[in-house]
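What follows is one structure encoded as structure tokens, with my remarks underneath.
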Amino acid sequence: MTIASMARKYEPRTLPEGPRVATTAMIASLAAEGYESVSAPFGHALVDLATSDDRVVGMSADLAKYTDMHILANAMPERFYQMGMAEQLLMSAAAGMAREGFLPFATTYAVFASRRAYDFIAMAIAEENLPVKICCALPGLTTGYGPSHQATEDLAIFRGLPNMVLIDPCDATDVVGMVPAMAAHDGPVYARLPRGKVPEVLRRHKPDYRFELGRAQMIREGGDVLVIASGLMTMRALDAAEKLAADNIGVAVLHVPTIKPLDRATILAEAARGGRLVVTAENHTVIGGLGEAVAGTLLQAGVTPQFRMIGLPDAFLEAGGLPTLHDMYGLSVDRVAEAIRGWL
Amino acid sequence: MTATMRPAQGSNISLARRAWEIRRKALRMGQVQGQGYIGQALGVADVLAVAYFHAMDYRPEDPEWEGRDRFLLSIGHYAIALYAVLIEAGILPEDELETYGMDDSRMPMSGMASYTPGMEITGGSLGHGLGIAVGMAMGLKRKKNPAFVINLMSDGELGEGSTWEAAMSASAQGLDNLICIIDFNDQQADGPSTQVLSSEPLPEKWQAFGWFTQRVDGNDIDAVRAAFDAARAHPGPQPRAIIFDTVMCRGVPFLEAREITHFVRVEADEWDKALAVLDEGKPL
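Line by line, the protein sequences are chains A and B.
So in the UniProt record's numbering, spot 324 of the first sequence is number 324, and the numbers just go up one at a time.
So in the UniProt record's numbering, spot 284 of the second sequence is number 284, and the numbers just go up one at a time.
Given below as structure tokens:
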């Protein structure tokens with residue numbers, strides 16, 4: 001018996017014409033054309049933090065190398081704990097270390113933290129408000145390996161968890177800024193982690209930008225459209241805004257790296273300004289992420305601009321090359337620009 | 001290994017009497033609430049008496065004293081037993097006993113760290129305690145603090161995969177300051193633990209995971225004491241496991257004889273009867 005959802009595996013394929021796009025490997029950095037990049041900003045920021053704060057320890061579940069934690073493990077091996085391929089233990093043991101006064105940074109992939117270890121994060125860490133800092137690579141659609149590795153609903157899962165602070169950084173500046181900010185926050189934090197070669201995006205558009213926990217910041221002004229974005233999609237929105245500027249469409253970009261607590265005041269003030277189309281953009285399912293958080297904020301305050309959401313569909317996504325997938329699911333610069341143009 | 005004299009060891013009160021006091025307090029809490037995991041509390045009372053009045057260092061007046069041995073109650077529903085021992089140890093006031101399970105009580109039905117002095121963790125979501133214990137034992141070693149971490153878990157929790165993640169990690173990390181005690185009463189929610197999943201051969205499992213393992217009668221106080229002593233004194237770098245075979249409802253024969261289930265039903269008029277039976281066997 002063939003299950004209906006699997007029938008397509010019996011359809012033979014032919015080699016497509018034109019250039020071939022290979023599956024993007026998990027170890028690959030995210031391509032960001034036209035931007036300078038920084039190597040392993042998380043790992044280096046963590047070493048800096050650990051150098052000045054004896055409480056900081058790094059822990060990983062057999063993914064130190066793929067979460068930039070190897071930088072700490074190599075530089076300060078006595079500060080690093082290998083917990084093995086055991087995410088439930090990683091989170092429980094991090095809670096135990098926090099109980100004994102340490103500041104553990106625990107890394108794995110976003111799928112494993114959010115899906116496999118949720119109960120342990122909820123009960124051992126969040127319920128007791130312990131300062132465990134969970135940093136997870138491969139957020140949203142940043143790998144071509146298919147649903148086993150694509151954490152398209154991690155923010156939705158964690159948004160419902162009391163005490164948990166959520167960060168979706170855009171670039172290397174965000175990552176370097178968020179590490180000490182996470183440590184300074186007295187409680188649990190979940191951060192999505194761009195790793196490997198991470199682009200420098202925000203300072204090119206706003207030279208004095210620096211990450212502040214809980215704060216949304218205008219990166220670019222524009223009179224026709226306000227894009228409220230986080231993570232990877234802030235970069236896409238900024239690039240789309242440049243394209244649309246050529247057509248005399250003014251696109252403002254509000255970067256919201258902290259998903260929870262949400263900077264409601266800034267979002268409301270910007271959304272209420274000047275009758276602009278408001279578009280949210282997130283590297284996450286449209287269910288339960290930034291878009292719905294902003295929508296709820298606006299509606300409760302009686303601020304009702306024309307409102308649209310860019311995000312991943314409520315579906316398990318395909319495997320393949322990231323450029324192909326970003327185009328397929330609307331996260332590419334061209335697709336973002338096209339969507340905005342269509343809504344005006 | 002530590003040679004220090006623990007506070008409770010100077011007492012003239014026998015461990016048997018301590019266990020009796022724990023059983024009596026647990027029965028009174030059950031009576032107040034009209035229900036409770038009394039079968040487990042009566043069964044584990046001897047183990048808790050030895051833990052708190054022989055094996056552990058702590059300061060009743062300062063439950064968060066840095067040098068204390070950490071006792072983690074992974075099985076949150078055993079809270080009724082731990083409250084009894086915390087009262088007996090002077091960490092909780094006896095007059096709060098009657099608030100057990102009431103609104104605004106510091107003694108909720110399932111144990112939580114934020115409610116009760118002496119309650120180190122929030123248990124109840126089973127299979128959590130041992131992993132937290134691993135992290136605490138790592139943290140203690142980092143601080144060069146010689147205290148032990150003692151995690152009490154149930155035989156039912158052996159079914160949680162996280163237990164075995166933690167078991168492998170504890171030996172990999174060489175956590176000789178970690179003692180995992182397993183209350184093996186062969187009873188979980190849906191039936192005997194040895195039938196629900198294949199928990200046996202249990203000592204061999206722990207040994208294979210790299211633990212210094214003992215299995216003793218958990219209702220034999222001398223055997224329990226010897227097991228704790230051996231666990232603390234063992235010279236090797238292994239984490240330590242003690243499997244305590246216990247009898248549900250131990251100390252109240254008419255409840256022991258009842259068809260035992262995970263949640264033992266006690267009728268309203270039976271609490272006084274149970275207390276009277278217990279009182280007949282009051283040790284010196």
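A virtual CB, placed ideally from N, CA and C, is assigned to each residue, including glycine.
Item	Value
For Thr2 of chain B, does the three-state DSSP call read helix, strand or coil?	Bear in mind that a pLDDT of 45 at Thr2 of chain B, under 50, signals an unreliable position, so the model cannot answer this.
Starting from Ser92 of chain A, trace the alpha helix (DSSP H) both ways and give me its first and last residue.	87-99
Would the segment 47-57 of chain A and the segment 93-103 of chain B be scored as touching if the rule is three or more Cβ pairs under 8 Å?	no
If we call anything under 9 Å between Cβ atoms a contact, is Ala95 of chain A one with Leu72 of chain A?	no
If you run the structure through DSSP and keep just helix, strand and coil, what is Arg250 of chain B?	coil
Distance, Cα to Cα, Arg8 of chain A vs Pro19 of chain A?	24 Å
Looking at the structure shown, is Thr280 of chain A part of a helix, part of a strand, or coil, going by DSSP?	strand
Can you pull the chain A residues whose beta carbon is under 9 Å from the beta carbon of Thr122 of chain B, in chain order?	Met123, Ala124, Glu127, Glu128
Out of B:Trp65, B:Gln195, B:Ile260, point me to the one whose CA is closest to Asn145 of chain B's CA.	B:Trp65
What does the alpha-carbon distance come out to for the pair Leu175 of chain B and Asp269 of chain B?	48 Å
Name, in chain order, the residues that DSSP records as bridge partners for Cys136 of chain A.	A:Thr108, A:Arg192
Hey, quick one: how far does the alpha helix (DSSP H) through Phe158 of chain A stretch, first residue to last?	154-159
If you follow the alpha helix (DSSP H) that Phe211 of chain A is in, where does it begin and where does it stop?	Careful: Phe211 of chain A lies outside any alpha helix (DSSP H) and carries neither H nor E.
List the residues of chain B whose Cβ lies closer than 9 Å to the Cβ of Gln88 of chain A, in chain order.	Gly127, His128, Gly131, Glu160, Gly161, Ser162, Glu165, Ala166
For Ile121 of chain A and Met85 of chain A, I'd like the C-alpha separation in whole angstroms.	16 Å
Let me make sure I understand the geometry here. Which of B:Asp155, B:Ile182, B:Asp69, B:Gln238 has the alpha-carbon closest to that of Asp190 of chain B?	B:Asp155
So which residues of chain A does Val134 of chain B contact, with C-beta pairs closer than 8 Å?	Leu89, Ser92, Ala93, Gly96
Let me know the secondary structure DSSP gives Asn151 of chain B once reduced to three states.	strand
Round the Cβ separation of Phe53 of chain B and Ser105 of chain B to the nearest angstrom and send it over; I've been treating them as touching at under 8 Å.	In fact, because the Cβ distance is near 25 Å, the residues do not count as touching under 8 Å.
Do you know how far the Cα of Ala41 of chain B is from the Cα of Ala166 of chain B?	26 Å
Quick check: Ala191 of chain A and Pro169 of chain A, are their CB atoms within less than 9 Å of each other?	yes
Taking the alpha-carbon positions, what's the Trp271 of chain B to Gly90 of chain B distance?	24 Å
If you run the structure through DSSP and keep just helix, strand and coil, what is Phe228 of chain B?	helix
What does Ser114 of chain B reach in chain A if we use C-beta pairs closer than 9 Å?	Glu127, Glu128, Asn129
So what's Phe184 of chain B in DSSP terms, helix, strand or just coil?	strand
Taking only beta-carbon positions, decide if Leu140 of chain B is within less than 9 Å of chain A.	yes
Check whether the segment 108-124 of chain A and the segment 236-252 of chain A touch, using three or more Cβ-Cβ pairs below 8 Å as the test.	no
For the segment 222-238 of chain B against the segment 193-205 of chain B, do three or more pairs of beta-carbon atoms, one drawn from each stretch, fall closer than 8 Å, so that the two count as touching?	no
Is Gly67 of chain B helix, strand or coil by DSSP?	coil
At the level of alpha carbons, what is the spacing between Gln188 of chain B and Ala181 of chain A?	45 Å
Could you tell me the alpha carbon to alpha carbon distance between Glu11 of chain A and Ala4 of chain A, rounded to whole angstroms?	13 Å
Please report how far the alpha carbon of Ala79 of chain B lies from the alpha carbon of Gly111 of chain B, in whole angstroms.	5 Å
Can you name the residues of chain B whose CB is closer than 7 Å to the CB of Tyr81 of chain A?	Met138
Is residue 395 of chain A helix, strand or coil by DSSP?	Coverage of chain A is limited to positions 1 through 344, which leaves residue 395 of chain A absent and any answer about it impossible.
Between the Cα of Glu157 of chain B and those of B:Ala276, B:Leu178, B:Ile182, B:Leu140, spot the shortest distance and give me the residue it belongs to.	B:Ile182
Using 8 Å for Cβ pairs, my map puts Gly296 of chain A next to Gly311 of chain A. What's the rounded Cβ distance?	The pair is not a contact, with the Cβ atoms about 15 Å apart (cut-off 8 Å).
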